[in-house]
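Residue numbers (this note's numbering), protein chains in the order written: chain X, 239 to 352; chain S, 454 to 564. Below is one structure, written out as structure tokens; comments come after it.
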């Protein structure tokens, strides 16, 4: 089976812009989760989608949003970018939803905000 | 509150040495899961193991082994006869009513 894919792999934006990241889960997986990884804060959970519905949400401002499509692909959007949004954004999928399921991660999107 | 502590930020060893990564967790949940992930320089987190709170059996998978001790809230990971390809950052994670990652331990295996 193909693994989780994320596009784009690298992105450079300027403050105030918005960005959309895409994630395609492993075939058959219906849950997609998003994580932010920074040197200062480490790995932090953003949100989880299952069957096109957001099931869990981390402690991030409303500038961070997401959605899931009927084919389980997911997008994450960050509006009004700030310097502190520079990070590796990781997407993970699994067959069911819930934190206790094993997450299978994609290669990530490295976002640099200038 | 839920917390995962990986006290070792970086470990450097010479190839073929054994290396043990410590993971200590805190949770009030009675049912929870523990995970270890490996993050090579490419960035992708690779799943290594998942263990539930009721299964305290140690596990061995090739050169990897895990020691789960509920009494001390620890879930340590040992790489036996390390190889250069083991160089990566390793994360311990706890899943109860939320998912919490430890800060990670960078392992550098020198030839």
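Yeah, the Cβ is synthetic: ideal placement off N, Cα and C, and Gly gets one too.
In angstroms, rounded to a whole number, what distance separates the CA positions of residue 328 of chain X and residue 267 of chain X? Stepping through the first chain from its first residue, residue 328 of chain X is reached at position 90. Stepping through the first chain from its first residue, residue 267 of chain X is reached at position 29. If I take the Cα positions, the gap works out to 16 Å.
Pull the bridge partners of residue 481 of chain S from the DSSP assignment, please. Working through the second chain from its first residue, we reach residue 481 of chain S at position 28. Answer is none; residue 481 of chain S lacks a bridge partner.
List the residues that DSSP assigns as beta-bridge partners of residue 262 of chain X. On the first chain, position 24 is the one that residue 262 of chain X refers to. As a beta-bridge residue in DSSP terms, residue 262 of chain X pairs with X:243.
For residue 338 of chain X, which option in S:553, S:549, S:556 has the closest C-alpha, if you only look at C-alpha atoms? Locating residue 338 of chain X in the first chain gives position 100, counting from the first residue. Among S:553, S:549, S:556, the Cα nearest to that of residue 338 of chain X belongs to S:549.
Extent of the continuous beta strand (DSSP E) run through residue 538 of chain S: Within the second chain, numbered from 1, the residue matching residue 538 of chain S stands at position 85. The continuous stretches of beta strand (DSSP E) do not include residue 538 of chain S, and DSSP gives it neither H nor E.
So with CB distances below 7 Å, who are the chain X contacts of residue 548 of chain S? The sequence position of residue 548 of chain S within the second chain is 95, counting from 1. Within 7 Å Cβ-Cβ: 337, 338.
Return no unless some Cβ of chain S is closer than 8 Å to the Cβ of residue 343 of chain X. In the first chain, the residue the question calls residue 343 of chain X occupies position 105. So yes, residue 343 of chain X belongs to the interface.
Residue 530 of chain S: contacting residues in chain X (beta-carbon distance under 7 Å): The residue labelled residue 530 of chain S in the question sits at position 77 within the second chain. Near residue 530 of chain S there are no residues of chain X at all, since even the closest Cβ is about 16 Å away, more than 7 Å.
Using the rule of at least 16 other Cβ atoms within 10 Å of the residue's Cβ for burial, across every protein chain shown, is residue 344 of chain X buried or exposed? Residue mapping note: residue 344 of chain X aligns to position 106 of the first chain, counting from 1. The C-beta of residue 344 of chain X has 16 or more other C-beta atoms within 10 Å across all chains shown, which makes the residue buried.
Which word fits residue 576 of chain S, buried or exposed, when buried means at least 16 other C-beta atoms lie within 10 angstroms of its C-beta? In the structure as shown, chain S begins at 454 and stops at 564. Residue 576 of chain S is therefore absent and cannot be evaluated.
Hey, how far is the Cα of residue 513 of chain S from the Cα of residue 331 of chain X? Indexing the second chain from 1 puts residue 513 of chain S at position 60. Indexing the first chain from 1 puts residue 331 of chain X at position 93. Residue 513 of chain S and residue 331 of chain X: Cα-Cα distance of roughly 26 Å.
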